[in-house]
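Protein chains in written order, with the numbering used here: chain A, 103 to 218; chain B, 33 to 144.
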């Protein structure tokens, strides 16, 4: 069964500091990996995704993530955090189902607080 | 704006009642997914429909059902509601070749 672990429930960083959010996955085949962000009262917005190819993927809002198969990890990074990045971040893994689309298994999320 | 529309945004109802949540997918998307987000269970996949047919099922209670209509909108029906059903219910959609899901803003259900 597929699973995702986000070991950090809460993270606090200062504005302008770098950020790394950890994600470890368990999946029996080649994983399809995603990072989503949820701002208070909002839906989930896709930051980036990895399907194959280059293991370093770029996303929106200056985020990037690196897929490391040997470590079963897909950590999210940002070189300089902005106060508007405060939100909850979810890592997800999923297969590609027949007919398109995917059934996602989410981690428990990491709540990011940004100190000014 | 993801292009996925969910109504209503908020819903308060009593235990034992039945409610219907509605989702309009992005234009042209054939797949619709329902997810439940609660404090104790996190984000859980409930069910997927593809072009009107049920395609995958997750942790969906028997009291819950869903359908996708010919115009591709979907409804999630929750019956015999319990306090524990209080949660944020998300709908997401993806296209036939799309590999990512686009989420709506969610419907916050409160059962009192």
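Where a beta carbon is used, it is the ideal one built from N, C-alpha and C, also for glycine.
Cβ pair residue i, residue j closer than 9 Å
i, j, result
"residue 169 of chain A", "residue 152 of chain A", "yes"
"residue 115 of chain B", "residue 51 of chain B", "no"
"residue 144 of chain A", "residue 162 of chain A", "no"
"residue 214 of chain A", "residue 188 of chain A", "yes"
"residue 54 of chain B", "residue 94 of chain B", "no"
"residue 134 of chain A", "residue 135 of chain B", "no"
"residue 105 of chain A", "residue 195 of chain A", "yes"
"residue 158 of chain A", "residue 122 of chain A", "no"
"residue 113 of chain A", "residue 210 of chain A", "no"
"residue 127 of chain B", "residue 62 of chain B", "yes"
"residue 118 of chain B", "residue 97 of chain B", "no"
Within-9 Å CB hit, residue i to chain A
i, result
"residue 132 of chain B", "yes"
"residue 98 of chain B", "no"
"residue 53 of chain B", "no"
"residue 101 of chain B", "no"
"residue 124 of chain B", "yes"
"residue 80 of chain B", "yes"
"residue 65 of chain B", "yes"
"residue 136 of chain B", "yes"
"residue 36 of chain B", "yes"
"residue 75 of chain B", "yes"
"residue 84 of chain B", "no"
Start and end residues, beta strand (DSSP E) containing residue i
i, result
"residue 180 of chain A", "175 to 180"
"residue 119 of chain B", "119 to 126"
"residue 192 of chain A", "189 to 196"
"residue 111 of chain B", "Premise fails: residue 111 of chain B is in no beta strand (DSSP E) and is neither H nor E."
"residue 183 of chain A", "It is not in any beta strand (DSSP E) - residue 183 of chain A carries neither H nor E in the DSSP assignment."
"residue 116 of chain A", "112 to 116"
"residue 44 of chain B", "42 to 45"
"residue 105 of chain A", "105 to 107"
"residue 205 of chain A", "Premise fails: residue 205 of chain A is in no beta strand (DSSP E) and is neither H nor E."
"residue 149 of chain A", "146 to 152"
"residue 167 of chain A", "166 to 170"
"residue 214 of chain A", "212 to 217"
"residue 39 of chain B", "37 to 39"
"residue 159 of chain A", "158 to 160"
"residue 143 of chain B", "139 to 143"
Test: residue i CB closer than 9 Å to a CB of chain B
i, result
"residue 123 of chain A", "no"
"residue 169 of chain A", "no"
"residue 205 of chain A", "yes"
"residue 151 of chain A", "yes"
"residue 107 of chain A", "no"
"residue 155 of chain A", "no"
The ligand HEM heavy atom lying under 8 Å from the CB of residue i
i, result
"residue 36 of chain B", "Here there are no bound small molecules, and the ligand HEM is not part of this structure."
Checklist entry - Fully enclosed by the segment 48 to 96 of chain B, which beta strand (DSSP E) runs are 3 residues long or longer? => result 51 to 56, 63 to 70, 74 to 82 and 85 to 89
Checklist entry - Would the segment 111 to 130 of chain A and the segment 37 to 53 of chain B be scored as touching if the rule is three or more Cβ pairs under 8 Å? => result no
Next on the checklist: For a minimum of 3 consecutive residues, which ranges assigned as the beta strand (DSSP E) are wholly contained in the segment 119 to 144 of chain A?
Outcome noted: 121 to 123, 126 to 128 and 134 to 140
Checklist entry - Is it a yes or a no for the segment 41 to 51 of chain B touching the segment 130 to 144 of chain B, going by three-plus beta-carbon pairs under 8 Å? => result yes
Next on the checklist: Would you call the segment 64 to 79 of chain B in contact with the segment 203 to 214 of chain A, where contact means no fewer than 3 C-beta pairs closer than 8 Å?
Outcome noted: yes
Checklist entry - Between the segment 85 to 94 of chain B and the segment 175 to 186 of chain A, do three or more beta carbon pairs fall short of 8 Å? => result no
Checklist entry - Three or more C-beta pairs closer than 8 Å, one from the segment 120 to 133 of chain B and one from the segment 56 to 70 of chain B: is that the case here? => result yes
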